[in-house]
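Q: For the sequence shown, my numbering assigns the number 43 to the initial residue and increments by one for each residue that follows. All residues carry an ideal CB built from backbone N, CA and C; glycine is no exception. Starting off with a structure, shown below.
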Amino acid sequence: MWELMRAVGTGLAMLLPLTNPVSTVAVMLGLSRGMSDQQRKRQALLCSCYVFAIMTIAFYAGQAVMGVFGITISGLRIAGGLIVGFIGFRMLFPDERDAPEVEHRSEELQLRQKQDIAFIPLAMPTTAGPGTIALLIGTAATMADERPFSPWVMQVAPVVVFVLVSVILLLCLRSASAIIRLLGQSGVDALSRLMGFLLACMGVQFVINGVLDIIQDYPFVN
Numbered sequence: 043m044w045e046l047m048r049a050v051g052t053g054l055a056m057l058l059p060l061t062n063p064v065s066t067v068a069v070m071l072g073l074s075r076g077m078s079d080q081q082r083k084r085q086a087l088l089c090s091c092y093v094f095a096i097m098t099i100a101f102y103a104g105q106a107v108m109g110v111f112g113i114t115i116s117g118l119r120i121a122g123g124l125i126v127g128f129i130g131f132r133m134l135f136p137d138e139r140d141a142p143e144v145e146h147r148s149e150e151l152q153l154r155q156k157q158d159i160a161f162i163p164l165a166m167p168t169t170a171g172p173g174t175i176a177l178l179i180g181t182a183a184t185m186a187d188e189r190p191f192s193p194w195v196m197q198v199a200p201v202v203v204f205v206l207v208s209v210i211l212l213l214c215l216r217s218a219s220a221i222i223r224l225l226g227q228s229g230v231d232a233l234s235r236l237m238g239f240l241l242a243c244m245g246v247q248f249v250i251n252g253v254l255d256i257i258q259d260y261p262f263v264n
């Protein structure tokens with residue numbers, strides 16, 4: 043049991059800084075304007091389930107899936123960066139229908155209710171992004187080669203870690219409604235634009251990291 047606890051603790055120490063649930067909450071605050079508490083809770087639950095599924099697939103089948111489609115970590119970083127950057131620019135420069143003065147219209151409220159932000163961008167790439175996927179794929183390969191724990195621990199620990207990370211994320215996202223009530227609509231609008239700027243910066247950085255990876259992997263590019 044002690045070995046299992048040590049493995050789970052190591053996994054949490056590796057994953058939590060990368061998944062960073064607090065940053066996911068900040069993104070959700072910016073994207074969930076116009077949603078009811080029930081809708082936010084649903085998005086939080088879906089996001090947590092998606093994150094668990096992404097981490098599980100990346101750990102157990104990540105190398106095989108990427109190999110079949112010929113996807114590299116560099117490509118994953120660049121694609122994730124483009125998605126994050128696009129969402130960030132949309133938050134920075136919302137179109138007219140996103141303005142607070144027209145949000146009371148029933149048509150717009152119905153449109154808001156149909157929005158699904160749980161998978162993109164909350165689950166991927168904000169929480170389980172290229173860095174998290176790369177870490178999981180690398181860790182799976184390392185564990186298969188070195189076998190640092192008992193076989194049963196290596197089977198149980200990853201699932202326990204993924205469940206704990208998903209639960210922590212769910213608890214953090216469930217607090218978003220309380221934060222929105224505290225900030226008010228004007229505060230949420232300001233935070234939304236700030237998060238849009240940060241997301242745009244993150245997207246550009248993802249692309250830069252992907253390009254740098256390509257340069258390192260293919261020195262002849264120099």
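Can you tell me whether asparagine 62 is helix, strand or coil according to DSSP?
A: Correct three-state label for asparagine 62: coil.
Q: Note the first and the last residue of the continuous alpha helix (DSSP H) segment covering glycine 123.
A: Element bounds for glycine 123: 115 to 134.
Q: Is DSSP giving methionine 70 helix, strand or coil here?
A: Methionine 70 falls in the helix class under three-state DSSP.
Q: Tell me whether methionine 97 sits in a helix, a strand or coil according to DSSP, three-state version.
A: Helix, per DSSP.
Q: Under the three-state reduction of DSSP, which class applies to tyrosine 102: helix, strand or coil?
A: DSSP places tyrosine 102 in helix when its eight states are reduced to three.
Q: Counting along the chain, where does the alpha helix (DSSP H) carrying proline 163 start and finish?
A: Here proline 163 belongs to no alpha helix (DSSP H), and DSSP marks it neither H nor E.
Q: I'd like the list of long-range same chain contacts for alanine 68, defined as Cβ closer than 7 Å, with 5 residues on each side in sequence excluded.
A: Answer for alanine 68: Met237, listed in chain order.
Q: Please classify threonine 174: is it buried, with 16 or more other beta-carbons within 10 angstroms of its beta-carbon, or exposed?
A: With 16 or more Cβ atoms within 10 Å of its Cβ, threonine 174 is classed as buried.
Q: For aspartate 187, count neighbouring C-beta atoms within 10 Å of its own C-beta (all shown protein chains included) and say buried if the count is 16 or more, exposed if not.
A: Exposed, because fewer than 16 other Cβ atoms sit within 10 Å of the Cβ of aspartate 187.
Q: Does DSSP put alanine 49 in a helix, in a strand, or in coil?
A: Residue state, collapsed to three classes: helix.
Q: Expressed to the nearest angstrom, what Euclidean distance is found between the alpha-carbon atoms of glutamate 143 and aspartate 231?
A: With a pLDDT of only 40 at glutamate 143, under 50, the local geometry of the prediction cannot be trusted, and no value is derived from it.
Q: Only counting runs of 4 or more residues, tell me where the alpha helix (DSSP H) segments fall wholly within the segment 167 to 237, in order along the chain.
A: List check, alpha helix (DSSP H) in window: 172 to 188 and 193 to 216.
Q: Rounded C-beta distance between threonine 61 and alanine 170? I'm assuming under 8 Å.
A: Confirmed, Cβ separation roughly 7 Å.
Q: Between the segment 246 to 260 and the segment 179 to 195, do at least 3 Cβ pairs fall closer than 8 Å?
A: With the cut-off at 8 Å, the segment 246 to 260 and the segment 179 to 195 do not touch.
Q: State the Cα-Cα distance for the pair alanine 103 and threonine 66, rounded to the nearest angstrom.
A: When rounded, the distance between both Cα atoms is 25 Å.
Q: Are glycine 72 and serine 234 touching if we call contact CB-CB under 8 Å?
A: Yes. Within cutoff.
Q: Name the residue from Met77, Leu206, Leu240 and Gln247 whose alpha carbon lies nearest to the alpha carbon of glycine 51.
A: It is Leu206.
Q: Measuring CB atoms only, is the segment 113 to 127 touching the segment 217 to 225, in the sense that at least three cross pairs come out at less than 8 Å?
A: The answer is no - the segment 217 to 225 does not touch the segment 113 to 127, with fewer than three Cβ pairs under 8 Å.
Q: Only counting the same chain, and skipping five residues up and downstream in sequence, which positions put a Cβ closer than 8 Å to that of cysteine 243?
A: Excluding positions up to five away in sequence, the list reads Gly130.
Q: Could you give the distance in angstroms between the alpha-carbon of phenylalanine 202 and the alpha-carbon of alanine 218?
A: What sits at residue 202 in the sequence shown is valine, not phenylalanine. Roughly 25 Å between the two C-alpha positions.
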